[in-house]
Every structure is written in C-alpha cells, then in structure tokens.
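Protein sequences, first through last, are from chains A and B. Just so we're aligned: the first sequence equals residues -2 to 322 in the numbering used here. Just so we're aligned: the second sequence equals residues 17 to 344 in the numbering used here. Don't be surprised by glycine CBs; every beta carbon is placed ideally from N, CA and C. Please read all numbers here as calculations on a predicted model, not as lab measurements. What follows is a set of notes on a single structure, which appears directly below.
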Amino acid sequence: MKGAIVLLAVLLVASAASILIGEVPLGLGDLWQGMIGGGGPGALTVRVIRAPRAAVALGAGAALGLSGAAFQTLLRNPLAAPDLLGFTSGAGLAILLSLTLGLTLPLPLVGAAGGLATAVLVAVLAHRQGRGLVPITVILVGIGTGFTISAFGTLLMTRLPGAEAAEAQRWLTGSLAARDWGQAMQVWCVGGALAALLALQGRALDLLSLGDDLAAGLGLRVGRARLGVAATGVGLAAAGVAVAGPVPFVALMAGPLGARLTGARGVRGRLMAAAGAGAAVTLLADLASRVALPGIQLPIGVFTGVLGAPYLLWRLSREMEKGEL
Amino acid sequence: MTRWWLLAGLIVLAVLFALLLGVRTVTLLELWRAVTAPDPLDPSHVTVLWIRLPRLAAGLVAGAALGMAGTVMAALTRNPLADPGILGINAGAAFAVVLGALILGQADAGTVAALAFPGAGIAALAVFALGGGLRGDAGPVRLTLAGAALNALLLSLVSAIVLVRGETLDVLRFWIAGSLSVAAERPIGAMSLTAGLGALVALAAAPRLELLMLGGALSRGLGVRPGRVQALALAAVTLLTGAAVAIAGPIAFLGLMVPPLARRIAGNVLRLELVAAAGLGASILLLADTLGRLVLPPAEIRAGIMTALVGGPVFVVIARRLRPGATT
C-alpha cells in the first residue's frame, strides 16, 4: 500500500514538473490560472502545449507498461516484452506504411494489425515441433524479426522526400513532440478499454503464471487464454505506439520496476503497478529529453534507449547469476 | 577446390557488377578504356574512376574485414549469432567517431576516424564480458541480449549527438546503418592498412583459437593460454571492425551470413575459413551495394539496409536451429 502511494506521488510530481518545466518556465500560480481561469501568460503553454503532451505521455506509458507486464506474465520471463520481441517495431512499421501511402485509417487499428501480424509471425517461427514455444527461442526469434522490420522501415524512408523522411526518422525513434488533446483522448480511451479487457482476464493470467500444466489442471483452457492475453497485450502496445511511436524499453522496464516500487504480489496489482511505472518512466524521459539540452528537443526514444539499455544489461547479469540464461 | 573457384568467380562478378552497373551503365569496353586511357571529359570514365572505384575499394576492405571479424567472434564465443553489428561492436566504433567529431570538430578527419578503434575495442571487451565470455560460457542468448542492449544504448547516443550537432538525416543514417555511398570521403588507405594488420593477427591467432574452441580443460592441456588467445582474438576483431566502420559505417549482419558459408568452402580449418570469409564478405557487401543502387532508381538503398534485409531472416533461421538447452 505504501508503495502504491509512493508511485502515485511520483506520477503527480512528474506530471506537474512536465507542465511547469520547459523553454518557458511556469510557476504553480500560472499553472492554476492556466487550468482554472483560462487567462494569464501560462494558459497557452499549459492548455495547448504541455498538458496534452503530458497526458499523451501518461497514457502511452501506461499502455506500454501494461502490455509489457502482460507478456512477461504470459511467457514467465522478465525479458519477454513487446519491444524486445519486435511487436512494437511491427506496429510502428504498419503505421509508417499507412502514413506513407496516405491512408486515412485509425492509427491504433493499423498499429494493432501490424503488431498482431508480427506476433503471429514470431510465434509461428519460434514454434518447434514437439517442444512448443520455448521462451528463449521466442526472444531470439523476436529480436531477429525486429531487425528485419527495422530494415524495412528504413527502406520505406528512403522513398520519402527529405523533410518527411526526417519526421519519419523522429517518429520511428519515438517522439512526443507536438501532441494534441485528440491524441490524448485516443490513447486514454483505447488504452482504457483494453486495460479493462486485460483486467477481466486477471484470473486467467493468475493461472497462466503458475505454468501451463498446472493452469490446465485447474480448469483453464490454456490455448484460448494465452491467445486472449496476447491479443490484448499487442493491442495495448499498439495504442501506445500509435501516439508516441515505438518508444524502446518502456514496456520492458515497467513491469519489474512497478513490482519493485509497490511490492505488489497479485497479478492485478502488478499490472496496475506496471501501468503506473510505465507512465512515470515515459513522463520523466520526455521531460529529460526536453530540458537536458537547452534549445534542442531530442526524441524521447533516445532517452528511454539510454535508460533502458543499462537496465537490460543489469537484468541479464541477474538472470545469469540465477542460472536462468 | 571447386568451391574455392566458385568463390573466386563470385568475387570477380561482384567487382565487375560494382564497376559496371548503376544509374549509368558502363560497358566492359568503356571500363577497359577508362582504365587504360582515361579521358577526364568522358562521363563514363569519370563515373568509373572517381565514383565507382573508391566505392569498390571501400566495399572490398569493409566487407572482407567484417566477414573476418564475424568469423573470429563466432569462433571465440562458439556462437553462430556473433556478428559485430549485432553485438554492438560496430555501434561502439560509430559512437566513438561521432563523439570525437562533436568534441574535436571536423578539424582532423583522420584522427577522428581513428577513434573507431578504441570504440570498437571497448565495445568488444564490454560485450564479451557482459555476455559471460570471461567465465568461458558466452551462450548465444546472453551474448545476443548483451549486444542488443549495448547496440540500443550506443545508437541512441549516436542519434542524440548527430541531432544535437544539427547534421543532416544522411549523416545520421550513415552512422546508424552504414553505407558505401560516401566512400570517396572516407580515409580508405590508412584503414585498409589497419584492417590488413587485423587480418594478420586473426590468421596468426587462428590455430590457437581452434584449440580454445575445444573447451577450457582440454585446450589448457594442449598448452593454450585462454586469456592470451582471447585477447589476441579481440584485438583482431577491434582492428577489423574499427577499420570497416571508419570506412563504411556500422554495417551489420555480414558477420552473421559469412561464417556458415565460409565453413562450406573451407571445411573446418579456421585459417582457411578466415580467408574464405574475407572473400565472401567483400563480394556480399559489393553485391548488396550494387543491388541497392539498382532496385529503386534514382533513389539508392544503402548497403547497410540491404544487408539487414537479408541478415534479419538469416538471424531468425539460425536462432530457430539453436537448441535452447545446449546453448545456454
């Protein structure tokens, strides 16, 4: 309980900081006026520039965090996150493709289609006769699929004119620049609906975390349950990618970080903690990417890459000590 | 022996295609005249001599170096996924060069390019240690994940630096995926010498590296000092990869595709495998570059993207074949 309050406090402080800090620094008074009164110097900054951006960061981070936790529980491996497995790259490629072709389809839907196609591809490629899905093979095949997808993304960019290519490059790194309330609404609604769907599958996740045999023995239809959780997880990842681009490592870090912060034990508690941790990481990384170098806005993906890679290395050394890898 | 002849034929074809094909197609006769009696006013001669020849040299050196580096790394770690690109060694070299350009400015391009070597060396050592190589059990999964993490970290930093400097997208692309298109501006001469040195070190270390592959106790019984052989092998990888990245940027996946093919040609003798790997790496990179010039004219697909398009699926095929239990 104490941990959950700490996480909430972090989220509140991070939200306030990401609205107050930036090129034009604001005071708490400006924030109040901008939010409530609608007047004063801060109103534009708060209402049009920073608040929607913070809202998108919160929503996208939470969606990615939830997706990561769902897959980590499903495959019972802390490395099995949709970003490492290539699913977010797949969603990103599909969205880039639809933007390049000028299609006017809803981006979360396109992203979900790309993510799902990638997930199916990885599952089929990693499936071995007689052994089913071995997590380590899934992870390696996922990494390789991710490589191929990134290459296709870059190939696609070669065809774009200069300015659009630069924009696409930023987008593929993960970026939260110039987000509006429409995108915030989109990620909150889609993400919220999918989060509810995931919560409904809480019991199935609980059982799946015990291992397939035990889960089947306790009366779970393992195949169907897995499919449901995986589809919801891919959908959540796509909802995040649609507004923030394939931000690396948020989904990988959020689950374990949330569990560590809150000490949550049950599957539902861990999922909520992962959503909170994902949101906090995204918000803070976005803040850092705006203020780290005055006058220059780096894409947020650069920062989560710098943060997430050492985490992955640390995780790796932990797994090695335990003899899991 | 036939296979060696096939390799020789492949190299000749790759070289000819690299010189003749592109937006402007050059005939064999024109090529002959360009070499024997160059005319600075003939556009075909200019294309061959000033654009395609430097590019050919860059492709030959970078491809051979990356093919050999991948073969050494695969032998050292007993791991079929040990491409310097996947392991983050390329990214280490690219990061060092980009960082050097940020700090030193463009003042001395040669010095800046030479930073690729410490970059590659530190990254090679880091990924080897992080992947468990010092304890003698660098499993493919461990090593690949350590490499993926290192790659993500270093390439994030590379993009950050390039964006901070306000460079163009082309510069960013060069330092993230590699290309032969700016070959004429890269220090090919000095880097070829260094790559040659790396090749010699690799060839010299090969017999002992083979013994090391037999496993710790057995190889020690045969008089091999594991630490020294590992250091030699990593030095060779550093020289080869650093030179390749300084010329062509961080081109990935050559070191993944080349070793299995080299083994087909050379059998199980590491020294011969290295020779075959050099030829294969050079011809595959040249073919990838030429193909990249032809598929979407007038746009050009960089060689690094072409190798990744083929290399990604190869990675998946190899990963599928690994037996999880035996490899960790």
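Just to confirm, are residue i and residue j a CB contact at a threshold of 7 Å?
i                      : j                      : result
residue 254 of chain B : residue 137 of chain B : yes
residue 68 of chain A  : residue 59 of chain A  : no
residue 259 of chain A : residue 0 of chain A   : yes
residue 169 of chain B : residue 192 of chain B : no
residue 79 of chain A  : residue 64 of chain A  : yes
residue 187 of chain A : residue 105 of chain A : yes
residue 267 of chain B : residue 306 of chain B : no
residue 261 of chain B : residue 129 of chain B : no
residue 137 of chain A : residue 335 of chain B : yes
residue 215 of chain B : residue 249 of chain B : no
residue 63 of chain B  : residue 40 of chain B  : yes
residue 226 of chain A : residue 71 of chain A  : yes
residue 162 of chain B : residue 143 of chain B : yes
residue 9 of chain A   : residue 276 of chain A : no
residue 303 of chain A : residue 85 of chain A  : no
residue 245 of chain B : residue 219 of chain B : no
residue 177 of chain B : residue 114 of chain B : yes
Buried or exposed: which applies to residue i, given that a residue is buried once 16 or more other Cβ atoms fall within 10 Å of its Cβ?
i                      : result
residue 253 of chain A : buried
residue 318 of chain A : exposed
residue 21 of chain B  : exposed
residue 77 of chain B  : buried
residue 201 of chain B : exposed
residue 99 of chain B  : buried
residue 106 of chain B : buried
residue 341 of chain B : Here residue 341 of chain B scores only 49 on pLDDT, less than 50, and its place in the model is too uncertain to base an answer on.
residue 300 of chain B : buried
residue 24 of chain B  : exposed
residue 284 of chain B : exposed
residue 289 of chain B : buried
residue 158 of chain B : buried
residue 343 of chain B : Only weak support exists for where residue 343 of chain B lies, its pLDDT of 41 falling under 50; the coordinates are left without a value.
residue 185 of chain A : buried
residue 50 of chain A  : buried
residue 20 of chain A  : exposed
residue 208 of chain B : buried
residue 151 of chain A : buried
residue 270 of chain B : buried
Cβ of residue i versus every heavy atom of the ligand NAP: is any distance shorter than 6 Å?
i                     : result
residue 96 of chain A : Among the ligands in the structure shown, none appear at all, so the ligand NAP cannot be discussed.
Under 9 Å between beta-carbons, which chain B residues line up against residue i? List them in chain order, please.
i                      : result
residue 315 of chain A : Result: empty, since nearest Cβ-Cβ is about 12 Å, beyond 9 Å.
residue 306 of chain A : 164, 165, 166, 167, 168, 169, 170 and 172
Show which residues of chain A have a CB atom less than 7 Å away from the CB atom of residue i.
i                      : result
residue 144 of chain B : By Cβ distance, chain A contributes nothing, its closest Cβ being about 13 Å from residue 144 of chain B, past 7 Å.
residue 331 of chain B : 141 and 144
residue 317 of chain B : 152 and 155
residue 103 of chain B : Correct list: empty, because the minimum Cβ distance to chain A is about 12 Å.
residue 180 of chain B : 290 and 293
residue 335 of chain B : 134, 137, 138 and 141
residue 176 of chain B : 295 and 299
Mind pulling the chain B residues with CB within less than 8 Å of residue i?
i                      : result
residue 136 of chain A : 157 and 161
residue 159 of chain A : 185
residue 122 of chain A : 332 and 336
residue 76 of chain A  : 161
Counting only Cβ pairs nearer than 7 Å, list the residues of chain B close to residue i.
i                      : result
residue 111 of chain A : Going along chain B, no residue has its Cβ under 7 Å from residue 111 of chain A, so there is no contact; the nearest lies around 16 Å.
residue 303 of chain A : 169, 172 and 173
residue 310 of chain A : 146, 162 and 165
Using a C-beta to C-beta distance shorter than 8 Å, which residues of chain A count as neighbours of residue i?
i                      : result
residue 321 of chain B : 148, 151, 152 and 155
residue 271 of chain B : Result: empty, since nearest Cβ-Cβ is about 13 Å, beyond 8 Å.
residue 188 of chain B : 166
residue 325 of chain B : 145, 148, 149 and 152
* If you pair each beta-carbon of the region 279 to 290 of chain A with each one of the region 7 to 19 of chain A, do three or more pairs fall below 8 Å? -> Contact holds: three or more Cβ-Cβ distances are below 8 Å.
* Determine contact between the region 65 to 84 of chain B and the region 263 to 276 of chain B, defined as no fewer than three beta-carbon pairs at a distance below 8 Å. => Yes: at least three Cβ pairs fall under 8 Å.
* Asked: Would the region 87 to 94 of chain A and the region 197 to 213 of chain A be scored as touching if the rule is three or more Cβ pairs under 8 Å?
  -> Contact fails: fewer than three Cβ-Cβ distances are below 8 Å.
* To do: Check whether the region 276 to 293 of chain B touches the region 114 to 121 of chain B, taking contact to mean three or more Cβ pairs, one atom from each stretch, closer than 8 Å.
  => The region 114 to 121 of chain B and the region 276 to 293 of chain B do not touch, with fewer than three beta-carbon pairs separated by less than 8 Å.
* **Contact between the region 87 to 100 of chain B and the region 47 to 66 of chain B (3+ Cβ pairs under 8 Å)** => Contact between the region 87 to 100 of chain B and the region 47 to 66 of chain B is absent, because fewer than three Cβ pairs lie under 8 Å.
* Asked: Do the region 193 to 207 of chain B and the region 64 to 79 of chain B touch if we need at least three Cβ pairs shorter than 8 Å?
  -> Flag = yes, the region 193 to 207 of chain B and the region 64 to 79 of chain B touch.
* To do: Could you tell me whether the region 129 to 146 of chain A touches the region 326 to 336 of chain B, where touching means 3 or more Cβ pairs closer than 8 Å?
  => With the cut-off at 8 Å, the region 129 to 146 of chain A and the region 326 to 336 of chain B touch.
* Between the region 163 to 188 of chain A and chain B, which residues of the former have CB atoms less than 8 Å from a CB of the latter, in chain order? -> Close to chain B, meaning a Cβ-Cβ distance shorter than 8 Å, are the following residues of the region 163 to 188 of chain A: 163, 166 and 170.
* May I ask you to verify whether the region 157 to 172 of chain A touches the region 101 to 119 of chain A, counting CB pairs closer than 8 Å and requiring at least 3? => The region 157 to 172 of chain A is not in contact with the region 101 to 119 of chain A.
* Asked: Going along the region 282 to 313 of chain B in order, which residues come within less than 8 Å of chain A, judged by CB to CB distance?
  -> The region 282 to 313 of chain B vs chain A, Cβ under 8 Å: 312.
* Taking contact to mean at least 3 C-beta pairs separated by less than 8 Å, is the region 149 to 157 of chain A in contact with the region 307 to 321 of chain B? -> Under the Cβ criterion (8 Å, minimum of three pairs), the region 149 to 157 of chain A counts as touching the region 307 to 321 of chain B.
* Is there contact between the region 200 to 208 of chain A and the region 257 to 274 of chain A, where contact requires at least three CB pairs shorter than 8 Å? -> At 8 Å Cβ cutoff, the stretches touch.
* Asked: For the region 240 to 256 of chain A, which residues have a CB atom closer than 8 Å to at least one CB atom of chain B, in sequence order?
  -> Hits within the stretch, in order: 245 and 246.
* **Near-chain A residues of the region 192 to 210 of chain B - C-beta to any C-beta below 7 Å** => Legend: CB atoms of the region 192 to 210 of chain B lying less than 7 Å from CB atoms of chain A belong to residues 193.
* Interfacial residues, the region 105 to 138 of chain B to chain A, with Cβ spacing under 7 Å -> Of all residues in the region 105 to 138 of chain B, none has a Cβ within less than 7 Å of some Cβ in chain A.
* To do: Note down, in chain order, all residues in the region 87 to 106 of chain A with a beta-carbon under 8 Å from any beta-carbon belonging to chain B.
  => Taking 8 Å as the Cβ-Cβ cut-off against chain B, none of the residues of the region 87 to 106 of chain A qualify.
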